[in-house]
Each structure stands twice: as C-alpha cells, then as structure tokens.
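*Asks:* Take this structure, written in structure tokens, and hold onto it; I'll ask about it next.
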Amino acid sequence: MARELVFVFATLIFASVIVSTPVDGASQCSDNEVFKQCTPSCIKSCRTLTDPDFCQVSITTCTTPQCVCRDGYLRNDDGVCVLIEQC
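When you line the sequence shown up against mature numbering (1 follows the signal peptide of the UniProt record, and there is no 0), it's residues -20 to -1, 1 to 67, in that order.
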C-alpha cells in the first residue's frame, strides 16, 4: 500500500511539473513581442521599410518558432521591437 501511495504521489508531482512548464516560449519574449509557432521566412523590420524589395517574396512555410514583434511594431537595428513611427 505504501508503495502505491508513493507511486501516485510521484506521478502527481511529475504531472504538475509538466503542466506548469511553459511549452510555447512566451515567457522568453520581451516587451512588445509575442511568441509564434509559425513565423514567416522574412520578418519585417525597421530596415525593410527603406528596402521594399527585401521581403517581396512570400514563402508560406513556417520557420523556427520564435518571438516576433506585435502588430504595429518592427524590430530596430538593436533588435528591440519599437513602434513603426519610431523606426
């Protein structure tokens, strides 16, 4: 009986750790970023505003899941998501 209780207790602890662990990477994102499982191959940035041909080709396949800028924000040369007006 004691072994069964230890097994049940260990299983519950293991399950609670699995459930509480973030699997989407959202906890790694900075301000003005969101985590996306499917990101485009060409991520627009402040630099692409001045080069309209940079992201002209649209590839629909997903790339590595990662943090991307929220809508209305672009990544600046320092890698920080800023309002488009601040580019």
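Don't be surprised by glycine CBs; every beta carbon is placed ideally from N, CA and C.
Classify R27 as buried or exposed, calling it buried when 16 or more other Cβ atoms lie within 10 Å of its own Cβ.
*Replies:* exposed
*Asks:* Does DSSP put C47 in a helix, in a strand, or in coil?
*Replies:* In the three-state reduction of the DSSP assignment, C47 falls in the strand class, which pools E and B.
*Asks:* For a quick check, are the C-beta atoms of E13 and V62 less than 8 angstroms apart?
*Replies:* no
*Asks:* Please report the straight-line C-alpha distance between T30 and R55, rounded to a whole angstrom.
*Replies:* 13 angstroms
*Asks:* Which partner residues of R55 appear in the DSSP bridge assignment?
*Replies:* S25, C61
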